[in-house]
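Counting from 0, one number per residue, gives the positions in the sequence shown under numbering that gives the first Met the number 0.
Don't be surprised by glycine CBs; every beta carbon is placed ideally from N, CA and C.
On a predicted model such as this, the values are computed, not experimentally measured, just so you know.
The structure under discussion appears below in the form of structure tokens.
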Amino acid sequence: MSTPNAPRAILFDLDGTLADTAPDLAAAVNLLRTVRGLEPTAYDILRPTASAGARGMIGASFGLAPEDDGYAELRDGFFSNYEAAMAVHSGLFDGITTLLDGITAAGPQWGIVTNKPKRFTDPLLPQIGLAHAACAISGDTTPHAKPHPAPLLEAARRLQLAPQDCWYVGDDVRDIQAGRAAGMLTIACGWGYCGPVEPQHWQADYVFQQPAELLALLQQAHATDSVV
0 MSTPNAPRAI
10 LFDLDGTLAD
20 TAPDLAAAVN
30 LLRTVRGLEP
40 TAYDILRPTA
50 SAGARGMIGA
60 SFGLAPEDDG
70 YAELRDGFFS
80 NYEAAMAVHS
90 GLFDGITTLL
100 DGITAAGPQW
110 GIVTNKPKRF
120 TDPLLPQIGL
130 AHAACAISGD
140 TTPHAKPHPA
150 PLLEAARRLQ
160 LAPQDCWYVG
170 DDVRDIQAGR
180 AAGMLTIACG
190 WGYCGPVEPQ
200 HWQADYVFQQ
210 PAELLALLQQ
220 AHATDSVV
């Protein structure tokens with residue numbers, strides 16, 4: 000693929016892309032189990048579902064889907080547990096601070112578009128060092144969550160940019176579907192949770208295994224633009 004045009008903004012998913020939040024999400028759902036006298040679900044089972052939030056955690060730990068009896072009660076309990084301890088073990092993935100610093104130095108803005116409810120996004124970001132994002136769009140900011148493009152389009156609107164001037168980076172196929180629908184260049188991050196389908200099958204424009212690869216692409220794009 001030829002070098003893309005340099006973006007004016009790079010937008011990121013949160014859980015599994017910028018931040019490793021799975022430990023605290025897993026703790027929240029396992030607390031539901033232990034208070035019911037059940038053994039905790041193994042972390043290796045829970046981690047791949049972390050990008051799906053309550054739906055993923057409860058599905059993996061209790062085998063229930065949102066339409067099932069008992070799901071709503073578990074979801075509410077999960078939310079309460081998570082809200083009380085959302086940044087105990089969560090933090091940025093290795094290389095993310097360097098990546099964000101490099102983006103800022105190169106000139107583009109960077110922001111966050113997550114399906115995480117605003118109830119959790121807003122208090123979490125400053126606790127993990129992401130309070131300086133140019134925008135933060137949560138799963139309930141617009142009437143639709145990803146894979147609908149509405150949250151990404153809202154981010155572009157707030158940044159006063161055309162969608163095609165933005166790149167979107169995520170660790171779930173819904174991120175890539177949303178980015179493509181919004182008309183953004185899409186990047187799948189293999190360092191995230193990724194779920195059951197390999198990122199190579201998501202039809203992303205790029206698949207990277209390390210944040211440094213994204214920074215290298217940005218620097219290459221800027222170098223190419225400066226020559227043209």
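- Contact annotation: residue 94 and residue 211 have beta-carbon atoms nearer than 8 Å.
- In this structure, residue 118 lies near residue 82, with their beta-carbon atoms less than 8 Å apart.
- By the Cβ neighbour-count rule, residue 57 is buried, with 16 or more other Cβ atoms within 10 Å of its own.
- Residue 208 is classed as exposed because its beta carbon has fewer than 16 other beta carbons within 10 Å across all chains shown.
- Of the residues assessed, residue 28 falls on the buried side of the cut-off, its CB having 16 or more other CB atoms within 10 angstroms.
- Each of 90, 132 and 113 was checked against the Cα of residue 126, and the nearest Cα belongs to 90.
- In this structure the segment 105 to 122 lies against the segment 132 to 141, because at least three pairs of beta carbons, one per stretch, are closer than 8 Å.
- Between the alpha carbons of residue 51 and residue 153 lies a gap of roughly 21 Å.
- Counting only runs of at least 3 residues, the segment 146 to 190 fully encloses the following beta strand (DSSP E) elements, listed from N- to C-terminal order: 165 to 169 and 184 to 188.
- Per DSSP, the beta-bridge partners of residue 108 are 8.
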